[in-house]
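Visitor: I have a structure I would like to understand better, so I am pasting it below and will then ask my questions one at a time.
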Amino acid sequence: MLTLEPIGQNRELAAEIVRFTRRSARRYERSRISWGDRFVDAYSWALGIGVSLTIAASFVLALRNEIADRASTTGSIIGEQWIVLPEPVLWTSVTFAVLLVISNLARKLGPMTVNGAESTWWLTLPVDRRPMVLPPFLRKVALTAAGSAIIHLPFSMVTAVDRAPVEHLLASLTFGCAGAIALVLAAVQQLGLPSPRVGKAITAAALLGCSLLPALSWSPWPTALAGLAVVGLLALVVPRSGRVRGDELVRGGAVAGHAGASLFMMDSNEVLRALSGGRQKVDGGRAARFYARPTRGPLGALIRADAVAFLRLNPPLLPPILWLAACIAMLLVEGGLPEFVQLAVIVIAGCATASGLGTVARKTALVPELDAVLPLHPALVRTSRTLMPCLAMSVWMAVLSGLLALLGAADPWLVLVGALAGVGMGAGTLRSATRTPPDWTAPPVETPFGPVPRAQLGSLLRGLDVTILATIPLLVALYLGYVPGVVLMVQAVFSAGIFLVVVLSRPKRT
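For any residue, its number in this note's numbering is found by taking its place in the sequence shown, counting from 1, and adding 1.
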């Protein structure tokens with residue numbers, strides 16, 4: 002039987018192992034990097050961050066002045082607001098959505114993790130795991146709180162122009178504490194203290210309450226309450242941090258390492274694959290009957306297989322519905338947002354929805370040799386891969402365009418323009434999924450903002466370029482307030498051209 006003294010000895014031994022590993026890693030890194038390289042890196046980072054902050058501050062101030070000087074219905078793509086959404090409701094909903102994103106990302110990446118080497122070296126030892134996983138977890142909490150507060154400051158300045166500087170600061174500190182709460186609640190779920198369903202319900206309810214606190218910026222009590230909640234949750238998690246299962250630590254470390262390396266290499270496809278690797282697949286029972294029917298020819302069989310895979314592997318309907326709600330809410334907010342902000346939200350929602358529909362294309366792009374052995378022309382194979390994303394995006398854009406036409410943004414022909422735009426946006430998902438990895442042999446281009454990796458950015462934007470291009474005629478129709486015949490024809494030409502380019506072009510291989 003273990004007594005208290007051996008437990009304390011094990012904990013001290015684990016802490017000594019961690020200190021030894023950290024010292025060895027730092028010593029190895031110092032031996033490989035000279036002081037001159039460190040100075041150059043620090044100077045480059047400081048210059049880039051300073052220029053970026055200056056540009057961001059200028060944009061925030063310009064947007065703040067634009068929103069402060071706007072009229073009630075001036076500068077909106079809809080003529081009359083027959084339903085008015087109060088501004089606090091919209092901004093609270095945005096805050097709640099951001100907190101949910103923080104919590105979901107923390108749950109996928111694992112608040113408490115170990116990397117591959119640590120899992121081999123640490124987890125096999127019969128010692129207490131708390132000194133191994135607790136310090137990185139506390140650093141994540143601190144960084145999340147600081148990052149959330151910094152991000153919320155410009156958001157508060159833009160959305161609440163009548164607040165005093167102290168109120169902006171209090172609102173940002175409150176949101177920083179709320180971000181830390183979202184992360185610690187993900188750790189509570191990781192420990193398995195409540196059941197998965199109860200944990201998700203508790204997290205959603207707690208984050209909903211936290212999203213209301215930044216709006217109460219006239220008093221310091223919401224900030225104090227959020228801070229006390231963080232301390233209380235940490236008091237619950239910290240003593241139990243050594244009880245996280247080893248497989249959960251390894252899973253979170255693998256996902257975090259995969260996602261981090263993909264971000265460093267500027268490969269968005271790998272980032273999406275890393276974040277969706279542990280997601281539960283949608284049940285394909287509804288497609289079983291369709292899959293069991295006899296087919297005629299290899300093309301019909303491939304189209305049917307891609308349709309079944311699309312129904313089974315793609316995310317649920319909730320994200321596209323939420324993006325639809327976000328587009329409509331931006332139009333109905335009290336006072337009206339600037340027109341370019343409304344159009345930008347529509348473009349972002351369309352790109353995000355289209356990216357979520359490319360799961361099958363990203364998975365099949367991992368093994369292109371399988372497509373090569375099919376008894377079909379490569380253009381027909383790519384056509385089969387593109388049909389379901391095009392159909393889904395066409396339906397989504399038609400629904401969005403119908404709602405915009407119902408609100409008075411344009412005439413009913415806008416629905417047809419939106420459906421045609423969805424075809425081009427769906428084709429962009431295949432172009433994005435089959436992009437080549439960034440070419441890191443190409444040198445960066447020197448600009449006033451520092452060195453810019455032009456070749457790598459070009460590879461990163463492949464797919465997103467045609468998705469945005471497909472929405473341009475739709476945006477023109479929304480800006481004009483009606484659908485001219487030339488806009489309809491241009492939209493048809495754009496979508497057909499994008500589809501043919503994506504289908505007929507042969508992806509480059511490295």
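Glycine included, C-beta positions come from ideal geometry on N, C-alpha and C.
Quantities reported herein were computed from a predicted structural model and do not represent experimental measurements.
Is the beta carbon of Ala422 less than 8 angstroms from the beta carbon of Ala443?
Guide: Taking the first residue of the sequence shown as position 1, residue 422 is located at position 421. Taking the first residue of the sequence shown as position 1, residue 443 is located at position 442. No, Cβ-Cβ distance for Ala422 and Ala443 is not below 8 angstroms.
Visitor: In three-state DSSP terms, what is Leu100?
Guide: Locating residue 100 in the sequence shown gives position 99, counting from the first residue. Three-state DSSP puts Leu100 in a helix.
Visitor: Should Ser25 be labelled buried (16 or more other beta-carbon atoms within 10 Å of its own) or exposed?
Guide: Start at 1 with the first residue of the sequence shown, and residue 25 comes out as number 24. Result: exposed.
Visitor: If we count the other Cβ atoms within 10 Å of its Cβ and call it buried at 16 or more, is Ser73 buried or exposed?
Guide: For this step, residue 73 is matched to residue 72 along the sequence shown. With a pLDDT of only 43 at Ser73, under 50, the local geometry of the prediction cannot be trusted, and no value is derived from it.
Visitor: Could you tell me the alpha carbon to alpha carbon distance between Thr437 and Trp397, rounded to whole angstroms?
Guide: Indexing the sequence shown from 1 puts residue 437 at position 436. Indexing the sequence shown from 1 puts residue 397 at position 396. Taking the straight line joining both Cα atoms gives about 28 angstroms.
Visitor: Residues in its own chain within less than 8 angstroms of Leu208 by CB, not counting five upstream and five downstream?
Guide: The count along the sequence shown starts at 1 and reaches residue 208 at position 207. Same-chain partners within the cutoff: Phe97, Leu100, Leu101, Ser104, Ala179, Ile182, Ala183 and Leu186.
Visitor: Please classify Tyr44: does DSSP put it in a helix, a strand, or coil?
Guide: Taking the sequence shown and counting its residues from 1, one reaches residue 44 at position 43. DSSP places Tyr44 within a helical segment (H, G or I) once states are collapsed to three.
Visitor: May I have the straight-line CA-CA distance separating Val487 from Asp412, to the nearest angstrom?
Guide: By one-based count along the sequence shown, residue 487 stands at place 486. By one-based count along the sequence shown, residue 412 stands at place 411. The straight-line gap from Cα to Cα measures roughly 15 angstroms.
Visitor: Can you grab the Cα-Cα spacing for the pair Arg23 / Glu17, in whole Å?
Guide: Looking up residue 23 in the sequence shown gives position 22. Looking up residue 17 in the sequence shown gives position 16. Cα to Cα, Arg23 sits roughly 10 angstroms from Glu17.
Visitor: From Thr114 to Arg252, what does the alpha carbon distance come to, in whole angstroms?
Guide: For the purposes of this step, residue 114 is identified with residue 113 of the sequence shown, where counting begins at 1. For the purposes of this step, residue 252 is identified with residue 251 of the sequence shown, where counting begins at 1. Cα to Cα, the separation comes out at about 8 angstroms.
Visitor: Which whole-angstrom value describes the C-beta separation of Gln492 and Leu476, a residue pair presumed to lie in contact below a C-beta threshold of 8 angstroms?
Guide: Numbered from 1 along the sequence shown, position 491 holds the residue referred to as residue 492. Numbered from 1 along the sequence shown, position 475 holds the residue referred to as residue 476. At roughly 10 angstroms, the Cβ-Cβ gap does not stay under 8 angstroms, so Gln492 and Leu476 are not in contact.
Visitor: Residue range of the alpha helix (DSSP H) that Asp372 falls in?
Guide: As a first step, residue 372 is located in the sequence shown; it is residue number 371 there, counting from the start. Start and end: Pro369 to Ala373.
Visitor: Tell me whether Glu447 sits in a helix, a strand or coil according to DSSP, three-state version.
Guide: The residue labelled residue 447 in the question sits at position 446 within the sequence shown. Note: Glu447 maps to strand in three-state DSSP.
Visitor: Can the beta-carbon of Val503 be found closer than 8 angstroms to that of Ala428?
Guide: Stepping through the sequence shown from its first residue, residue 503 is reached at position 502. Stepping through the sequence shown from its first residue, residue 428 is reached at position 427. Yes, these two residues count as a Cβ contact at 8 angstroms.
Visitor: From the DSSP output, in three-state form, read off Val1 for me.
Guide: Examination of residue 1 is not possible in this model, given that the chain is present from 2 through 511 alone.
Visitor: Taking the continuous alpha helix (DSSP H) assigned at Asn116, which residues delimit it?
Guide: Mapped onto the sequence shown, residue 116 falls at position 115. Neither: Asn116 is in no alpha helix (DSSP H) and is coded neither H nor E.
Visitor: Going by Cα to Cα distance, which pick from Pro89, Gly351 and Val128 is closest to Thr468?
Guide: Position 467 of the sequence shown, counted from the first residue, corresponds to residue 468. Nearest of Pro89, Gly351 and Val128 to Thr468, Cα basis: Gly351.
Visitor: Can you tell me whether Met266 is buried or exposed? The criterion is at least 16 other CB atoms within 10 Å of its CB, across all chains shown.
Guide: Reading the sequence shown from its first residue, position 265 is the one you call residue 266. Answer is exposed; the Cβ neighbour count stays below 16.
Visitor: Just grab the DSSP bridge partners of Leu86 for me.
Guide: Here residue 86 refers to the residue found at position 85 when the sequence shown is read from its first residue. DSSP, once it has assigned bridges, lists Val334 as partnering Leu86.
Visitor: I'd like to know if the segment 360-373 and the segment 305-323 are in contact, where contact means that at least 3 CB-CB pairs between them fall below 8 angstroms.
Guide: yes
Visitor: Mind listing, in chain order, the continuous alpha helix (DSSP H) runs of no fewer than 4 residues lying wholly within the segment 455-497?
Guide: 455-461 and 465-481
Visitor: Can you tell me whether DSSP reads Trp123 as helix, strand or coil?
Guide: Locating residue 123 in the sequence shown gives position 122, where the first residue counts as 1. Coil, per DSSP.
Visitor: Return the residue from the list Leu408, Pro439, Ala497 and Leu505 that minimises the CA-CA distance to Tyr483.
Guide: Residue mapping note: residue 483 aligns to position 482 of the sequence shown, counting from 1. Taking only the C-alpha atoms, the option nearest Tyr483 is Leu408.
Visitor: Quick check on Thr296: does DSSP put it in helix, strand or coil?
Guide: Counting from one through the sequence shown, the residue named residue 296 turns up at place 295. Coil, per DSSP.
Visitor: Could you check whether the segment 230-248 touches the segment 127-134, counting it as contact only if at least three pairs of C-beta atoms, one from each stretch, sit closer than 8 angstroms?
Guide: Contact between the segment 230-248 and the segment 127-134 is present, with at least three C-beta pairs closer than 8 angstroms.
Visitor: Within the segment 171-251, note down every full alpha helix (DSSP H) run reaching 4 residues or more, in order along the chain.
Guide: Entirely contained in the segment 171-251, the alpha helix (DSSP H) runs reaching 4 residues are, in chain order, 197-213 and 222-238.
Visitor: Pick helix, strand or coil for Gly359, following the three-state DSSP scheme.
Guide: Locating residue 359 in the sequence shown gives position 358, where the first residue counts as 1. Of the three classes helix, strand and coil, the one that applies to Gly359 here is coil, per DSSP.
Visitor: So what does DSSP say about Ala350, is it helix, strand or coil?
Guide: As a working note, residue 350 is residue 349 in the sequence shown. Here Ala350 sits in helix by DSSP.
Visitor: Have a look at Met394 and Ala420 and give me their C-alpha separation to the nearest angstrom.
Guide: The residue labelled residue 394 in the question sits at position 393 within the sequence shown. The residue labelled residue 420 in the question sits at position 419 within the sequence shown. Each residue's alpha carbon lies about 8 angstroms from the other.
Visitor: Leaving aside the five residues before and after Pro321 along the sequence, list all residues of the same chain whose C-beta is less than 8 angstroms from its C-beta, in chain order.
Guide: Position 320 of the sequence shown, counting from 1, holds the residue named residue 321. Same-chain partners within the cutoff: Thr354, Gly357 and Trp397.
Visitor: Can you find at least 3 beta carbon pairs, one from the segment 161-175 and one from the segment 220-228, that sit closer than 8 angstroms?
Guide: yes
Visitor: Pairs of beta-carbons, one from the segment 137-157 and one from the segment 195-206, closer than 8 angstroms: are there three or more?
Guide: no
Visitor: Would you mind reading off the limits of the alpha helix (DSSP H) that contains Trp414?
Guide: Counting from 1 along the sequence shown, the entry for residue 414 is found at position 413. Segment Trp414 to Ala434, the alpha helix (DSSP H) holding Trp414.
Visitor: Report the three-state DSSP secondary structure of Val134 (helix, strand or coil).
Guide: One-based indexing of the sequence shown puts residue 134 at position 133. Reduced to three states, the DSSP call for Val134 is helix.
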